[in-house]
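**Q** In mature numbering (1 follows the signal peptide of the UniProt record, and there is no 0), the protein residues as written are -26 to -1, 1 to 335. Here's a structure for you.
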Amino acid sequence: MTQFALKLAGAATLAIGLLSGTSAFAQSAKVTDATVAFLMPDQSSTRYEEHDYPGFQAEMKKLCAGCKVIYQNANGDASRQQQQFNSAISQGAKAIVLDPVDSTAAASLVKMAQSQGVKVIAYDRPIPSAAADYYVSFNNEEIGKMIAKSLVDHLKAKNVKAGDGGLLEINGSPTDAAAGLIKKGIHAGLAEGGYPVLAEFDTPEWAPPKAQQWASGQITRFGKKILGVVAANDGTGGAAVAAFKAAGIDPVPPVTGNDATIAGLQLIIAGDQYNTISKPSEIVAAAAANVAMQLLSGETPKADTKLFDTPTQLFVPALVTTENLKAEIIDKQVNDKPIQTAEQLCGDRYAEGCKKLGITK
């Protein structure tokens, strides 16, 4: 079992086991030719195509070379995801890893699958209304708390007075239970900061254009009273940055993010975004593959806790700012590879910013 260390901001390093080669949950030799589905929710974030699916597929190949993996992305359409789910079962899938578009609507899918003996692993986003067979994710509530507290601490360090204005809060999709957990964490992270929330928005489908449109309206409304923006992921954070730039505001107030996408990291390098969250999706993808194989082997995966009456494993992410971007993104290895490379991040107009951070090609 390969060990990775992911840092909780301001706390001690937490060692976690990434499942590599032989399952860290259990031996899965009993299963040699099963069909497993990996159903992702949208393409608003590039992570699913670039990290989650490749990580899941690679781990499945290690665990069960003869197994078939069905991969589908619903592109933000809950009805399409239901069709994909039904299709996976009709193709013989005996375990489905589901990152739901609509966490409430997904409950009926869980119940239907389980009635046919199909195991369901909730992935990244929980399914509160039905107990899946397992849930694996990074700790979404902690993510929200981390990005919000980091922003508050930054503003205080810069001697920004709360009486001078307040914050905008851009949350994720109202149909995504993980977005609800991030939102809860954001509220906790802001609770004792002293900076009021001027306005708050739940972004349908996590769509950046909708977040940008809303942010533009708030910039017109509040102007210089906006001291910062707590955005729930890099897509909505980048949308806020774009709105400020379109309004001619320079410098852009500090904006948070989450997912450590290439675009989000480049905004940090350029000085336009303040933070993001590194949560290498390959880690939870590998965990989901191991859980699927163990369930299909008739074994019980070990759980850290229970969330929504579902056995759960939560991994701890790392907060990233300019201060540790090189260490967390370039220097840290996942599956013997950096999370992102200098070549991916430092092209063209980002070269000078990378140089200042000590990142060289």
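Idealized CB from N, CA, C, for every residue including glycine.
Confirm, please, whether the CB-CB distance from G139 to L37 is below 7 Å.
**A** No, these two residues do not count as a Cβ contact at 7 Å.
**Q** Report yes or no: do three or more beta-carbon pairs, one from the stretch 78 to 89 and one from the stretch 218 to 233, lie closer than 8 Å?
**A** no
**Q** Use the C-beta contact count for Q(-24): other C-beta atoms within 10 angstroms, 16 or more gives buried, fewer gives exposed.
**A** Residue placement at Q(-24) is flagged as unreliable, the pLDDT there being 34, under the threshold of 50; the coordinate-derived value follows with that caveat. With fewer than 16 other Cβ atoms inside 10 Å of its own Cβ, Q(-24) counts as exposed.
**Q** Roughly how many angstroms lie between the CA atoms of N47 and A96, to the nearest whole one?
**A** Straight-line Cα distance between these residues: approximately 15 Å.
**Q** Quick check: the Cα distance between I144 and A153, rounded to an integer number of angstroms?
**A** 11 Å
**Q** Which whole-angstrom value is the C-beta distance of A80 and L269, which I expect to be below 8 Å?
**A** That pair is no contact at about 18 Å.
**Q** How many Å lie between S124 and Q307 at the Cα?
**A** In a straight line, the C-alpha of S124 is about 24 Å away from that of Q307.
**Q** Since M14 sits in a beta bridge, which residues does DSSP pair it with?
**A** Answer by DSSP bridge pairing, in chain order: N47.
**Q** If distances are taken between C-alpha atoms only, which option among V171, K157, Q186 comes closest to K199?
**A** V171
**Q** Does the stretch 286 to 293 touch the stretch 253 to 260, meaning 3 or more C-beta pairs lie closer than 8 Å?
**A** yes
**Q** Using a Cβ-Cβ cutoff of less than 8 Å, which residues in the same chain neighbour P312 once the five nearest sequence positions on both sides are dropped?
**A** I303, I304, D305, K306
**Q** For the candidate residues L239, L164, T295, A266, whose alpha-carbon lies nearest to that of A316?
**A** L239
**Q** Quick one: Cα of N133 to Cα of T230, how far?
**A** The straight-line gap separating the alpha-carbon atoms of N133 and T230 is approximately 18 Å.
**Q** From this set, A237, P74, N232, D283, which residue's C-alpha is nearest A52's C-alpha?
**A** Among A237, P74, N232, D283, the Cα nearest to that of A52 belongs to P74.
**Q** What residue does the beta strand (DSSP E) around P28 start on, and which one ends it?
**A** Note, P28: premise wrong, no beta strand (DSSP E); alpha helix (DSSP H) at 27 to 37.
**Q** Of the choices A266, I223, D278, F196, whose alpha-carbon is the least far from that of K42?
**A** A266
**Q** Can you tell me the Cα-Cα spacing of N207 and V71, whole angstroms?
**A** 22 Å
**Q** Any idea what DSSP makes of F282, helix, strand or coil?
**A** coil
**Q** Applying the criterion that 16 or more other CB atoms from any shown protein chain within 10 Å of the CB defines a buried residue, is N60 buried or exposed?
**A** exposed
**Q** Count the other C-beta atoms from every protein chain shown that fall within 10 angstroms of the C-beta of residue 361, then say buried if there are 16 or more, exposed otherwise.
**A** In the structure as shown, the chain begins at -26 and stops at 335. Residue 361 is therefore absent and cannot be evaluated.
**Q** How many Å lie between K330 and L319 at the Cα?
**A** Computed Cα separation, rounded: 13 Å.
**Q** Output the distance between the C-alpha atoms of A131 and D310, rounded to the nearest integer angstrom.
**A** 37 Å
**Q** Helix or strand or just coil, what does DSSP make of I333?
**A** coil
**Q** Quick check on this structure: which residue in V10, Q56, T235, P102 has the alpha carbon closest to the alpha carbon of residue 336?
**A** Outside the shown range of the chain (-26 to 335) lies residue 336, about which nothing can therefore be said.
**Q** To which residues of the same chain is P227 closer than 8 Å at the C-beta, ignoring the five residues directly before and after it?
**A** The residues I200, L201, G202, V203, F218, in chain order, have a CB closer than 8 Å to that of P227 in the same chain once the five nearest residues on each side in sequence are set aside.
**Q** Name the DSSP bridge partner or partners of D176?
**A** N145
**Q** Taking all protein chains shown into account, do 16 or more other C-beta atoms lie within 10 angstroms of the C-beta of G191, making it buried, or fewer, making it exposed?
**A** exposed
**Q** Would the beta-carbon of I44 fall within 7 Å of that of A11?
**A** In this structure, A11 lies closer than 7 Å to I44 by Cβ.
**Q** For K119, count neighbouring C-beta atoms within 10 Å of its own C-beta (all shown protein chains included) and say buried if the count is 16 or more, exposed if not.
**A** Flag for K119 reads buried.
**Q** Looking at the structure shown, is A(-3) part of a helix, part of a strand, or coil, going by DSSP?
**A** Summary for A(-3): the model assigns pLDDT 40, below 50, so the residue's position carries little reliability, and this model does not support an answer.
**Q** In this structure, does DSSP put Y97 in helix, strand or coil?
**A** strand
**Q** Please list, in chain order, all residues of the same chain as F282 whose beta carbon is under 6 Å from its beta carbon, the five residues on each side excluded.
**A** P100, P102
**Q** The beta strand (DSSP E) spanning V110 covers which residue range?
**A** 108 to 112
**Q** If K93 and D76 are in contact, beta carbons under 8 Å, what's the gap, nearest whole angstrom?
**A** No, K93 and D76 are not in contact; Cβ-Cβ is about 21 Å, not under 8 Å.
**Q** Using the Cα positions of G91 and E33, report the straight-line distance between them to the nearest angstrom.
**A** Looking at the two C-alpha atoms, the distance is approximately 23 Å.
**Q** Whole angstroms are fine: how far does the CA of N49 sit from the CA of G321?
**A** 29 Å
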